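In the working numbering, the protein residues as written are 488 to 627. No residue lacks a Cβ here, since even glycine has one placed at the ideal position from N, Cα and C. Treat the numbers as computed from the prediction; the structure is a model and nothing was measured.
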Amino acid sequence: LDIARHAILPVICQTYVALAYCSRFIKANLEEVVRQDYIRTARAKGAGPWRVLVRHAFRNTLIPLVTLLGLSLPALVGGSVIIEQIFTWPGMGRLFFESIRERDYPTIMGLTFMFSLLTLAGQLLADLLYSFVDPRVSVD
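This is the structure:
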């Protein structure tokens with residue numbers, strides 16, 4: 488319980504920028520998708536505004552959002568270096584920063600490898616989510 492109380496501010500700092508960026512991205516994509524012909528067709532068929540928004544517009548907005556989320560994992564790791572330094576929170580980001588400062592090359596190489604694996608995992612997860620979000624995409 489004590490860890491949760493102390494983690495609130497770093498978590499808010501880490502997620503605030505990402506949520507703002509994602510919400511702006513979703514808003515811009517929704518404005519573009521709502522002008523498409525199939526949205527007009529769904530409205531003409533008598534679908535309610537919420538149904539059109541959720542079933543048709545938002546579903547097609549998820550496809551570029553998956554790409555954005557897959558690419559945001561490296562930014563999350565990079566942001567952890569800064570957040571952990573500001574809040575003196577022990578973690579991989581702080582270890583990476585201190586190993587650079589102390590020129591501990593094996594640790595730097597190991598953490599760079601770990602961050603690279605996390606980036607690849609984010610890209611793999613994004614590719615797997617494509618088939619879930621868009622049934623036309625198949626994973627071979």
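In the structure shown, what three-state DSSP assignment does residue i receive?
i	result
Q572	helix
K532	coil
S625	coil
E585	helix
P561	helix
P551	helix
Alpha carbon to alpha carbon, how far is residue i from residue j?
i	j	result
F619	A613	10 Å
A507	A515	12 Å
F512	G566	20 Å
V539	R530	7 Å
R590	M601	18 Å
L563	L611	16 Å
A505	I499	10 Å
Closest to residue i by CA distance: which of the options is it?
i	options	result
T606	V498, V504, L558, A544	L558
P561	R542, A534, T599	T599
N547	Q572, G533, E518	E518
G609	T554, F574, S510	T554
Q523	T502, F545, S510	F545
L556	G535, E589, T502	T502
I573	L563, L496, L488	L496
Which same chain residues end up closer than 6 Å to residue i when comparing Cβ atoms and leaving out the 5 residues on each side of it in sequence?
i	result
T594	S586
V520	A544, N547, T548
Apart from the five residues on each side of it in sequence, which residues of its chain come closer than 7 Å, Cβ to Cβ, to residue i?
i	result
V568	G580, F583, F584
Grab the span of the alpha helix (DSSP H) containing residue i for me, first residue to last.
i	result
W609	It is worth fixing the name first, because residue 609 is Gly in this sequence and not Trp. 592-620 is the span of the alpha helix (DSSP H), which, as asked, contains G609.
P497	489-521
In chain order, what residues of the same chain have a beta carbon less than 8 Å from the beta carbon of residue i, not counting five sequence neighbours either side?
i	result
P577	E571
Y525	H543
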